[in-house]
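Following: one structure in structure tokens, then a few remarks.
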Amino acid sequence: MKKKKHKKKKIIVWSVLVFFSFLTIMIVLNINEIKQIIYLYNDANTKVESISENTFKSRETSYIYDNKKNVINKLYDSKDVDYIPYNKIPELATQAFIAIEDKDFFKHHGVSIKAIGRAAYSIIKNQGEITQGGSTITQQLVKNVFLTQEQSMNRKIEEMFIALKLEHMYSKEQILEFYINNIYFDNNAYGMESASKKYFNKDISDLDLSQIAFLAAIPNNPEYYNPLKNENNTIERRNLILSNMKDLNFITDSQYNSAVSEDIVLNPEKSYKKQNSINSYALFSAAQALMSTKGFTFKNDFKDSSEQADYNNKYSELYTQCTNELYKNGYRIYTSIDLDKQSLLQQTIDEKLSSFTEKQNGIYSLQGAAVTIDNKTGNVVAIVGGRSSDKNDFLNRGFQSYRQPGSSIKPLIVYTPAFEKEYSPSSIIVDQYIEGGPHNDDNKYEGAVNLRYATQRSINTVAYQLFQKITPNYGLSFLKNMDFKKIDSRDYNLAASLGGLTKGVSPLEMASAYSTLERGGQFISPSCITEITDSSGNTIYKNDAKTKDVYSKDAAYLMTDVLKGVLEEPFGTGYNIKLSNMTAAGKTGTTDDSKDGWFCGYTPYYTTSIWVGYDKPKTLDNLFGATYPGGIWHSYMEQINADLSNIDFEKPDTIKEAYVNKYTGKRVDNNYPGAVKELFSQNNLPPYDGNNYKNTTDTQKNVPYKNNKKSDKMSSVDTNTDINTESNYTVPYSTENKPNENNTIENKSN
């Protein structure tokens, strides 16, 4: 207590000496501005009143890591700062700065009377011009944090007032900590830890004496002592610092001789590879993670536009706040991004679309986007937002672009929801002409078909009729439950069954939804963030991968088994892109006039969605789900699954086999003519067939027929409904059931 009072008394005496020293300078210069000094003193008091330790830690660089905890990018606004506490600053570092900047640091109380005297003499000699700084380490800290670099008498006076007050508030060790973490080392490096990584690619704790002195040389004149441009200047000042350290007995003669003769080998921090897709998605996911820690509830369903507008405002405000925190709070952001898969996915998209060279403002006109999800964790392991180009493309189409999905939406809102009801893969619906509804290519129809076949052939009329039976409200509710963001009130009509959505879907949403099918109907909100900590390692956010049951296990498995046939059956729309050594399931999708192409597919390990199209939708010849998107998916998935065991999808115990009449979908004995084996949920076994096989008609035998008569319009669809079925409604789809030369299917809406 006595020691503290003694320190306070000495500071008061020191303040009086400083005040009268400057009063003398004013008199000598014939400057009668006592009021100005009083103003500066009061202003200094005001600045100091708002000071806390956080004032000196207001900016710290955040780091983004891949799944192997390698740094892939840094986040900072104007300053690249890595803040370290005093106990982690090497003693040689503090001694180096004291030796070159302020030998009396532990003796004065913020300002040096000797330095003031030299500065006063210089001012008098140069007729009022300030030519000497006379600044202590404390004053330099004040200048760096609170004031400008302006060389003026007023700024100098205020600097001294604040320095005196800082010395009263903080210990010498704290001031050294603040100083070493806030000084500028050029090349946007603030603080010695940041400089250590910038020039030596090491933590400061790993530097030797020579390297420490080398860094301490820079802040005096960062441009002149910039190691990347003027290394000889830096070495010359390093040697001066080492000499001063020896004179002050901070180091021995032996240490000095060794350090001064050491060759400096710079190992500049690598310039992080331009990873716009990773960076933008990681930032987005991290911001949302922080929002969740602040209690924000994410929504995608609103009772009216007013509620939605209010939500959007609150979301935007908090999202901006959390983004700012990521740029300045020194977080460690750990992600699930696998750089090998990321690079491969980017490379595959670039190669498969390389023949399309047209550009607009340096960005390729034809684009592709993709997302890969680890089915076990639900985490994003790769995301590509567009083709590589020399110009920065800041649009990440992987999660920021919403496009029409074509028939790739059918499993999600039509068939799997139907399997939740009384329908099964063997259920029969007639493929026929529908007035005011979708049509098949060349107006050819196949009559009575089961849902397994209709899915694998991507028959539009069947999906359309089934969607009306289960209702759009029911079908689209599954997208809502999987956090699809852009489902609009205008989407609740039959066109949605073929991908006719007002605003569309993103590759991220589609990958997440198909991954949900693989997991037996369990939805995990997609993200690439596994954990966020502060710079000391304290956990801020932990991804606990909560699951939500969206589909039943039985319905999800039945859908997966059907989608296997898309790739395995010769008539399947994806037969040409089946994987050689891995079980897979998937669905093609192409929109009207081939403006958007999709393939969404999965193995027991990974799900990948691919989209190809123009940012401003226009037709691309030969764009189908199985061409460019499917080609990208096949090439990429072949490689990432190559070294994995070929296992089948996990089948629930509640899935049973039964024989059915393939023409009616009803159960029969195994020796019944035309009997085929089919899968069912044990809770939804079909009734026994009471018909004789010989009574079946041609339309029940999957024989294609052409029906253009309006009188044969769909009669099985309930027209007493509030669903939009107006005949003049243009359904944004095109069929995908046209066999190609290899007798496989090019299915435009698939």
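For the sequence shown, the positions run -6 to 743 when the numbering used here is used. C-beta atoms are modelled at their ideal positions from N, C-alpha and C, and glycine is treated no differently.
Beta-bridge pairing by DSSP links R325 to Y56, T526. Less than 8 Å divides the Cβ of T54 from the Cβ of Y69. By alpha-carbon distance to I91, the top candidate from I244, K72, N180 is I244.
Between Q204 and S358, the alpha-carbon positions lie close to 49 Å from each other. For F516, the uninterrupted beta strand (DSSP E) run begins and ends at 515 to 517, by DSSP. Taking C-alpha positions only, Y485 is separated from K369 by approximately 32 Å. The region 408 to 417 makes contact with the region 543 to 558; the number of CB pairs closer than 8 Å reaches 3 or more. Exposure of R483 is indicated by the presence of fewer than 16 other C-beta atoms within 10 angstroms of its C-beta.
Contact between the region 626 to 634 and the region 328 to 345 is present: three or more C-beta pairs spanning the two stretches fall below 8 Å.
The C-alpha of F477 is placed about 19 Å away from the C-alpha of D303. Restricting attention to N677, N654, D682, the CA atom closest to the CA of V669 is found in N654. Counting other Cβ atoms within 10 Å of its Cβ, T313 stays below 16 and is therefore classed as exposed. Here G355 is exposed. Its C-beta has fewer than 16 other C-beta atoms within 10 Å. Residue environment analysis places V442 among the buried positions, since at least 16 neighbouring C-beta atoms fall within 10 angstroms of its C-beta. Scanning F277, F349, S348 for the CA closest to the CA of N317 turns up F277. Excluding sequence positions up to five before and after R231, its CB lies within less than 6 Å of the CB of A206, F207, A210, all in the same chain and listed in chain order. V498 carries a strand assignment under DSSP once its states are collapsed to helix, strand and coil.
Counting the other CB atoms within 10 Å of its CB gives D246 a total below 16, which places it among the exposed residues.
Annotation for S382: G355, I356, Y357 place their beta carbon closer than 7 Å to its own, counting only its chain and skipping 5 residues before and after. Rounded to whole angstroms, the Cβ separation of N385 and N269 is 6 Å, and the two are in contact under 8 Å.
S347 sits exposed, since fewer than 16 C-beta atoms from the chains shown fall within 10 Å of its C-beta.
Our two residues, S602 and E428, have alpha carbons roughly 33 Å apart in a direct line. Contact check for G558 against A619 fails: the beta carbons are separated by 8 Å or more. When Cβ pairs closer than 8 Å are counted between the two stretches, the region 580 to 594 is seen to touch the region 608 to 624, the count reaching three or more. Between the beta-carbon of P431 and that of Y457 there is about 5 Å, and that keeps the pair under the 8 Å contact cut. At a Cβ-Cβ threshold of 8 Å, I44 and T328 do not count as neighbours. The way I'd put it, the region 390 to 400 does touch the region 370 to 381; three or more beta-carbon pairs between them come closer than 8 Å.
Rounded to whole angstroms, the separation of the alpha carbons of K535 and Y652 is 48 Å. Contact check for S400 and M503: beta-carbon distance about 12 Å, past the 8 Å limit, so the pair fails to qualify.
For Y534, the uninterrupted beta strand (DSSP E) segment begins and ends at 532 to 535. Sequence-distant Cβ neighbours of T540 in its own chain, meaning closer than 6 Å and more than five residues away, are Q515, I517. Under the 10 Å beta carbon count, V104 is surrounded by 16 or more other beta carbons and is classified as buried.
With respect to V377, I406 sits apart: the two C-beta atoms are not nearer than 8 Å. Residue pairing by DSSP places R396 opposite V498 in a beta bridge. Counting only residues of its own chain and dropping the five nearest sequence neighbours on each side, L311 has a CB closer than 7 Å to the CB of M284, K287, F289. Scanning its chain for C-beta atoms nearer than 7 Å, with the 5 sequence neighbours on each side dropped, one finds around K644 the residues Y550, in chain order.
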